[in-house]
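Participant: Below is the structure I would like to discuss, written out as structure tokens.
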């Protein structure tokens with residue numbers, strides 16, 4: 098997963114759509130932005146890197162995820178400073194029950210997304226999975242409530258995001274493990290070793 102101008106363009110566009118939807122308290126706009134965001138791709142690539150033990154991939158995609166997080170929070174904060182924070186938001190209920198339920202959604206969505214990526218015949222379900230995985234809205238809400246100087250709510254949405262991120266990674270890792278992706282990496286290394294020995298003989 099190597100980011101390019103298309104990735105960053107889609108990321109920024111999706112953030113502005115989602116943040117605007119949250120500021121307007123308009124769920125359909127938020128859902129539209131979630132269909133545009135490309136954030137799920139590097140997260141699945143990170144999980145694949147962990148599954149096969151590819152350190153370089155883990156470092157590269159990990160850096161991309163962190164960079165994307167700061168872009169999302171920063172863009173949402175900027176919109177909030179320009180247009181002002183909402184008096185309230187009802188898109189996410191700020192309770193621990195909500196955080197745990199979103200974690201459950203994230204785990205199952207991670208499983209579904211990984212199956213969709215590895216099984217081309219069901220790849221058409223990815224847009225629906227993108228909506229189910231609530232990764233960008235909590236980050237946008239962190240930026241929004243930081244802009245409103247409400248650290249308590251910002252911390253809550255940070256918890257929601259971390260729950261979702263961990264859930265997607267965990268669900269994805271389970272599928273990659275069940276599909277024995279770690280074995281395919283070992284087979285590649287074995288063939289490379291055999292090829293090297295043949296070349297030297």
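Numbering (the working numbering), first residue to last: 98 to 298. A virtual CB, placed ideally from N, CA and C, is assigned to each residue, including glycine. Model, not experiment: these values are computed from the prediction.
(1) Is it the case that the region 262 to 280 contacts the region 134 to 147, given that we only count it when at least three CB pairs across the two stretches are under 8 Å?
(2) For the alpha helix (DSSP H) holding residue 235, just list the boundary residues, first then last.
(3) Pop quiz: residue 257 and residue 168 are said to be a contact at Cβ under 8 Å. What is the actual Cβ separation, rounded to whole angstroms?
(4) Could you tell me the boundaries of the alpha helix (DSSP H) in which residue 116 lies?
(5) Terminal residues of the continuous alpha helix (DSSP H) containing residue 276?
(6) With a CB to CB cut of under 6 Å and the five nearest residues on each side skipped, what residues in its chain are close to residue 200?
(7) When burial is assigned at 16 or more other CB atoms within 10 Å of the CB, is residue 131 buried or exposed?
(8) Relative to the C-alpha of residue 178, which candidate in 250, 273, 244 has its C-alpha closest?
(9) Measuring CB to CB, does residue 174 end up less than 8 Å from residue 133?
(10) From residue 204 to residue 239, what distance separates their C-alpha atoms?
Facilitator: Working from what's here:
(1) yes
(2) Within the chain shown, the letter at position 138 stands for residue 235. From DSSP, the alpha helix (DSSP H) with residue 235 extends over 233 to 244.
(3) Position 160 of the chain shown holds residue 257. Position 71 of the chain shown holds residue 168. The Cβ separation is near 18 Å, so there is no contact.
(4) Translated into positions along the chain shown, residue 116 becomes position 19. In the DSSP assignment, residue 116 falls within the alpha helix (DSSP H) that extends over 102 to 121.
(5) Stepping through the chain shown from its first residue, residue 276 is reached at position 179. Taken as a continuous stretch (DSSP letters only), residue 276 belongs to no alpha helix (DSSP H), as it is neither H nor E.
(6) Residue numbering aside, residue 200 sits at position 103 when the chain shown is read from its first letter. Excluding positions up to five away in sequence, the list reads 260, 264.
(7) As a working note, residue 131 is residue 34 in the chain shown. Buried, because 16 or more other Cβ atoms sit within 10 Å of the Cβ of residue 131.
(8) As a position in the chain shown, residue 178 is number 81, starting the count at 1. Per the Cα distances, 244.
(9) Within the chain shown, residue 174 is the residue found at index 77, counting from 1. Within the chain shown, residue 133 is the residue found at index 36, counting from 1. Cβ distance not < 8 Å, so residue 174 and residue 133 don't count as in contact.
(10) What you label residue 204 is simply residue 107 of the chain shown in a count that begins at 1. What you label residue 239 is simply residue 142 of the chain shown in a count that begins at 1. Distance between the alpha carbons of residue 204 and residue 239 is about 22 Å.
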